[in-house]
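What follows is one structure encoded as structure tokens, with my remarks underneath.
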Amino acid sequence: MEPIIELKNVSKRFGGITALDSASLHVDEGEVVGLIGDNGAGKSTLIKTLVGVHPPDSGDIIIRGEKVQNWNTKKARQAKIETVFQDRALTPQQSIVWNIFMGKELRHSFGFIRVKEQVEEANRIIREIGFTSKLIDANSPVGNLSGGERQGVAIARAIYNDAELIILDEPTTALSLIETQKVFDFVNNVKAKGRSVLFIGHNIFHVYDISDRFIILDRGKVIHKLSKEDVASPEELIKIMKETVTGKKE
Amino acid sequence: MEKKVTLWSYLADNSRPVSSLFYFALIMTIFFASAPQVFFAPKFHQAVLTVIPIIIFLVIPLVFIVTMGEIDLSFASTFGFAAWVFASLVKYFSFDPFLGFIIGVIGGAVVGVLMGCLVVYGRISSLVASLGALFLIRGFLFVVSDSKSITVIEVRDHWMHAALVGKFYGFPMQCFWAAIFIIIAYYLYHRHVFGVHVHHVGDNPESAAQMGVNVDLTRIYCFMFCGIGAGFAGIFSTLINFTWWPTQGFGYLLLGLAAVFVGGTPTWGGVGTIFGAVFGSGVIAYMETGIVAMGWSGLWRQFFNGLIIILALLGHRFHGNRIR
Chain L
-9 MEPIIELKNV SKRFGGITAL DSASLHVDEG EVVGLIGDNG AGKSTLIKTL VGVHPPDSGD
51 IIIRGEKVQN WNTKKARQAK IETVFQDRAL TPQQSIVWNI FMGKELRHSF GFIRVKEQVE
111 EANRIIREIG FTSKLIDANS PVGNLSGGER QGVAIARAIY NDAELIILDE PTTALSLIET
171 QKVFDFVNNV KAKGRSVLFI GHNIFHVYDI SDRFIILDRG KVIHKLSKED VASPEELIKI
231 MKETVTGKKE
Chain X
29 MEKKVTLWSY LADNSRPVSS LFYFALIMTI FFASAPQVFF APKFHQAVLT VIPIIIFLVI
89 PLVFIVTMGE IDLSFASTFG FAAWVFASLV KYFSFDPFLG FIIGVIGGAV VGVLMGCLVV
149 YGRISSLVAS LGALFLIRGF LFVVSDSKSI TVIEVRDHWM HAALVGKFYG FPMQCFWAAI
209 FIIIAYYLYH RHVFGVHVHH VGDNPESAAQ MGVNVDLTRI YCFMFCGIGA GFAGIFSTLI
269 NFTWWPTQGF GYLLLGLAAV FVGGTPTWGG VGTIFGAVFG SGVIAYMETG IVAMGWSGLW
329 RQFFNGLIII LALLGHRFHG NRIR
């Protein structure tokens, strides 16, 4: 079985700074991969390159065995790769329904939107993800939602588009315990359906709990690729990371 | 889960156009009460309704531009450019006026596309770029016309004149075309992928780009739409006056922008209102003539224009600040 996505020797520079240095990784079907690294390790650049926000300077992006050219966000979404960005990529003054369908609107001919269908779908989705307030419906502006609810909208967008790979960039940052648990439940549900997740996190305990495999990034380079069998506990993962960053064995 | 829609919630959800309607109604009430003999005369309204559609053709595309978080000042010169293309083709090249109309509007669209490309690919602020274009195009018109007007009296007997700017039982036909323009623009703004993308780009261009919205193309289309609106306005104005003149359209620059903001579209992007802009156009058009009709000196016109703009904007503050 070909990996859903594979990066081969991908590099990305911004001016004189090398943000990614010959990074290679892959994500297989039905697995949860944890991507970890210190601040400035290149995690966000890697994600943005992976989903077409930044074009790579060199290296290959391979989708289900086929090398792709002119990779961009639209093509990534067409390839059923959805991303919940760290900033959630929402437009706060717009409604929940417009945000859920942003860039993938349900259309009639000539580009007119299937308004009723979108609203019905959005109402169904926000019920599914646990919105219960009578004050919130699909037409409510996203800016009026709490942090956890906004995360819910970003995740709902990924669910609706029936993604085969969902990339979650720091999805638990600034969330309450209950909201964090909801994110974990979501990841487990996605996995149970045979879909894949690339989970980027600062909190090693979160990443350890949820992932089948770990990729450690440091200064733009992929330093370690470990399976869960290789790492006995989150503490050991932290130790490996520390040794990676400092270059000293503990 | 769906919220119950009450009259109050409907008014709250549409507070910007509703308050613009309120300002319009307030001004009209003052005018009617102060000078009933003028304001109850149908001819007075006929005269204003002759001009309002021109303002609407200019203002509604500006709502798209401002919603997108940009500004376009060049529309006042694109107005003159499209009208010059039309008048020149009809006068000097004996083009059928309808063909001249189509080519003139296409000319406006091309200027809009160039304006959009300048902003998107030149990475220049739209305020500065469109200010430059405003003078550049106007200067070009002065040079090519040698600062002389072009009369197109020959269009009077053409079917297009009656259809576009004739009278239907005393009612200016351009109001009918402006109404169609408003309806199309409303659906484009609220129900079409283009309008939805304009909102997303104005709200948060980075998010829109991350979600696969073609931000650059949306921006260029928006400027193109502004050029098309200015083209319509310029040619309609030429048809009404049977004349193109080198400064044509320049007087609409600040009035057009004022109508957008009086109409309730905020400066920060991401939100706007088409119907609000229509009422804003009404406020501006009636202020222009109403002050004089009330018996005040014309010298007061700009003063009251300014006053109503400031008061309307203060009123729109109650709709809240930008949601982040």
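First to last, the protein sequences are chains L and X.
Just so we're aligned: 182 in my numbering is position 192 of the first sequence, and the numbers increase by one with no gaps anywhere.
If you want my numbering, it's the 1-based position in the second sequence plus 28.
Ideal placement from N, C-alpha and C gives every residue a C-beta, glycine not left out.
Every value quoted in this text rests on a predicted model; they were computed, and no experiment measured them.
Please name the residue, chosen from the options, that lies closest to residue i on a Cα-to-Cα basis.
i, options, result
"residue 253 of chain X", "X/63, X/102 and X/330", "X/102"
"residue 181 of chain L", "L/156, L/161 and L/192", "L/156"
"residue 328 of chain X", "X/198, X/96 and X/316", "X/316"
"residue 44 of chain L", "L/236, L/4, L/13 and L/130", "L/4"
"residue 17 of chain L", "L/174, L/27 and L/-7", "L/-7"
"residue 7 of chain L", "L/47, L/24 and L/-1", "L/47"
"residue 34 of chain L", "L/108, L/160 and L/153", "L/160"
"residue 54 of chain L", "L/73, L/29 and L/19", "L/19"
"residue 350 of chain X", "L/136, L/61 and L/83", "L/83"
"residue 288 of chain X", "X/250, X/306 and X/298", "X/306"
"residue 308 of chain X", "X/40, X/54, X/35 and X/39", "X/54"
"residue 51 of chain X", "X/64, X/303, X/290 and X/321", "X/290"
"residue 65 of chain L", "L/126, L/42 and L/86", "L/42"
"residue 206 of chain L", "L/141, L/106, L/129 and L/14", "L/14"
"residue 236 of chain L", "L/215, L/208, L/204 and L/78", "L/208"
Kindly list, in the order they appear in chain X, the residues whose Cβ is closer than 9 angstroms to that of residue i.
i, result
"residue 105 of chain L", "218 and 219"
Need the endpoints of the alpha helix (DSSP H) that residue i sits in, please.
i, result
"residue 67 of chain L", "63 to 68"
"residue 288 of chain X", "280 to 290"
"residue 175 of chain L", "167 to 182"
"residue 350 of chain X", "No alpha helix (DSSP H) holds residue 350 of chain X; DSSP gives it neither H nor E."
"residue 57 of chain X", "43 to 62"
"residue 106 of chain X", "103 to 120"
"residue 113 of chain L", "105 to 118"
"residue 91 of chain X", "70 to 95"
"residue 294 of chain X", "Segment: none, residue 294 of chain X is in no alpha helix (DSSP H) and carries neither H nor E."
"residue 317 of chain X", "302 to 321"
"residue 33 of chain L", "33 to 40"
Mind pulling the chain L residues with CB within less than 9 angstroms of residue i?
i, result
"residue 350 of chain X", "82, 83 and 133"
"residue 269 of chain X", "Neighbours of residue 269 of chain X on chain L: none; closest Cβ ~35 angstroms, over 9 angstroms."
"residue 228 of chain X", "81, 84, 88, 89, 92 and 93"
List the residues of chain L that residue i touches, going by C-beta distances under 8 angstroms, in chain order.
i, result
"residue 222 of chain X", "101"
"residue 241 of chain X", "92 and 93"
"residue 231 of chain X", "81, 82, 83 and 84"
Residue i bridges to which residues according to DSSP?
i, result
"residue 73 of chain L", "L/157"
"residue 271 of chain X", "X/179"
"residue 215 of chain L", "L/205"
"residue 199 of chain X", "X/196"
"residue 85 of chain L", "L/131"
"residue 223 of chain L", "Answer is none; residue 223 of chain L lacks a bridge partner."
"residue 248 of chain X", "None; residue 248 of chain X has no bridge partner."
"residue 78 of chain L", "BP columns for residue 78 of chain L are empty, so no partner."
"residue 24 of chain L", "L/189 and L/204"
"residue 48 of chain L", "L/1"
"residue 53 of chain L", "L/-5 and L/56"
Under 7 angstroms Cβ-Cβ, which residues of chain X neighbour residue i?
i, result
"residue 95 of chain L", "221 and 224"
Along chain L, which residues have their Cβ under 7 angstroms away from the Cβ of residue i?
i, result
"residue 330 of chain X", "None at all; the shortest Cβ gap to chain L is about 33 angstroms."
By the criterion of Cβ-Cβ separation under 8 angstroms, what are the contact partners of residue i in chain X?
i, result
"residue 43 of chain L", "237 and 238"
Can you tell me where the beta strand (DSSP E) holding residue i begins and where it ends?
i, result
"residue 151 of chain L", "Neither: residue 151 of chain L is in no beta strand (DSSP E) and is coded neither H nor E."
"residue 10 of chain L", "7 to 17"
Positions along the segment 70 to 81 of chain L whose CB lies within less than 9 angstroms of some CB in chain X: Cβ proximity to chain X below 9 angstroms picks out 73, 75, 77, 78, 79, 80 and 81 from the segment 70 to 81 of chain L.
Relative to chain L, which residues along the segment 286 to 305 of chain X have a C-beta separation below 8 angstroms, given in chain order? Considering only beta carbons, the part of the segment 286 to 305 of chain X lying closer than 8 angstroms to chain L consists of 298 and 299, in chain order.
Below 9 angstroms between beta carbons is the criterion; list the residues of the segment 54 to 70 of chain L that meet it against any residue of chain X, in chain order. Flagged, chain order: 62, 63, 64, 65, 66, 67 and 68.
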